[in-house]
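Below is one structure; the comments refer to it alone.
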Amino acid sequence: MNKGKKLYEGKAKILYETKDKNIIIQHFKDDATAFNNLKKASVEGKGVLNNRISEYILTNLSQCGIKTHFIKRLNMREQLIKKAEIFPIEFIVRNIATGSLTKRLGIPEGTVLEKPLLEYCFKKDELNDPLISKEHIFSFDWATEKEIQIIDRMTLRINDLLIGMFRGIGIKLVDFKIEYGKTWNKDRRESEIILADEISPDTCRLWDSKTEKKLDKDRFRKDLGNIIQGYQEVARRLGIMPEETNISEVNFGKTIPLKFKKK
Ligand code: UDP
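Under this note's numbering, the residues of the sequence shown are numbered 21 to 283, in order.
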């Protein structure tokens, strides 16, 4: 599938057109950003790992009946996906309190939540993706009540499936963010809601079950070092990367602040 015009470039991914108007290419960059773009760096190898990890997770979810945008992986950094109208909402699921929840409400770090907590944020970088309620979503027509009902149900099922997937490899799924889109049939009479974007250590908090060592983007946010080794550990435990592969030996894993990065 040939790459067409660039449709959109985000912080960690680029989308390209293909000849088929319903199919696009999702390219994973090495760029890492945090705190609404205030902190930026290039983490060598991150794009490759996220491409593989997201492919693995979405394929597994789809085998359990979750409709997703994923079609197939094209190469190390790119995958073919269905084009969808993305809801302007980030859907956040929390199983253990950390991050903005602890800051906002003073809930002690590490509190295990009795049941998963769903949060909604408005996707708007200029406003720092503010937390919103369902009422905001309905008032401003960002999604209908029926759509949110379907999405909430899908989200909780995805959480159950992911908790199980990670528990099996000694990882606690602390929280994560997902996005959904809508695709239409030919005469635009019927639509379907599908899981979009990515699921990777960029969008999840993943802690080692025993040591609680962070294996996700918090290594970058909090300057913990060994970012790529964390992502690599997730890939290795999921069985995506052969045991003996060590990304740092093939010159991966270097973190280069973006302003110093050579073109
Ligand atoms: N998250 C994300 N993209 C965002 C905001 C959050 O992928 O733009 C993920 C984040 O990695 C974490 C979860 O959503 O797994 C909850 O994030 P939180 O609100 O605690 O964000 P923080 O501001 O602490 O990064």
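Glycine included, C-beta positions come from ideal geometry on N, C-alpha and C. Note that the structure is a prediction, hence the values are computed from the model and not measured.
Simplified DSSP assignment, three categories, for residue i
i, result
"Asp228", "strand"
"Lys192", "strand"
"Ile219", "coil"
"Ala61", "strand"
"Ile44", "strand"
"Glu37", "strand"
"Asp238", "helix"
"Gly201", "strand"
"Ile260", "coil"
"Leu151", "strand"
Residues near residue i by beta carbon distance below 7 Å, same chain, minus five either side
i, result
"Asp236", "Pro221, Cys224, Arg225, Leu226, Gly250"
"Ile189", "Arg257, Leu258"
"Lys26", "Ile34, Tyr36"
"Ile168", "Lys154, Ile157"
Same chain, Cβ closer than 6 Å to residue i, neighbours up to 5 away in sequence not counted
i, result
"Leu69", "Tyr251, Ala255"
"Lys206", "none"
Residue i, enclosing alpha helix (DSSP H) - first and last residue
i, result
"Asp172", "165-187"
"Glu155", "154-159"
"Glu210", "Looking at the DSSP string, Glu210 is not in any alpha helix (DSSP H), and its letter there is neither H nor E."
Chain-order list of residues whose beta-carbon lies under 8 Å from that of residue i (same chain, five-residue window excluded)
i, result
"Lys282", "For Lys282, the pLDDT reaches just 46, beneath the cut-off of 50, and the residue's location in the model is therefore unreliable, leaving the point undetermined."
"Glu269", "Low per-residue confidence applies at Glu269: pLDDT is 43, beneath 50, and the placement is therefore not dependable, though the value from the model is reported in the following sentence. Correct list: empty, nothing qualifies."
"Ala163", "Phe107, Ile109, Ile157, Ile171"
"Glu210", "Trp204"
"His47", "Lys33, Ile34, Leu35, Tyr36, Gly67, Arg97, Glu98"
Cβ-Cβ separation, residue j to residue i (assumed contact under 8 Å), whole Å
i, j, result
"Glu129", "Ile45", "Contact doesn't hold; Cβ gap of about 39 Å is too wide."
"Ala216", "Glu232", "That belief does not hold up - the Cβ atoms of Ala216 and Glu232 are roughly 30 Å apart, past 8 Å."
"Phe196", "Ala52", "Rounded, the Cβ-Cβ distance is 17 Å, inconsistent with contact."
Residue i, enclosing beta strand (DSSP E) - first and last residue
i, result
"Leu27", "26-29"
"Ala32", "Taken as a continuous stretch (DSSP letters only), Ala32 belongs to no beta strand (DSSP E), as it is neither H nor E."
"Asp51", "51-54"
Any C-beta of chain D under 7 Å from that of residue i
i, result
"Ile248", "Any reference to chain D falls outside this structure, which holds one protein chain only."
### Inside the segment 79-145 only - beta strand (DSSP E) runs reaching at least 3 residues
90-93, 98-102, 109-116, 132-142
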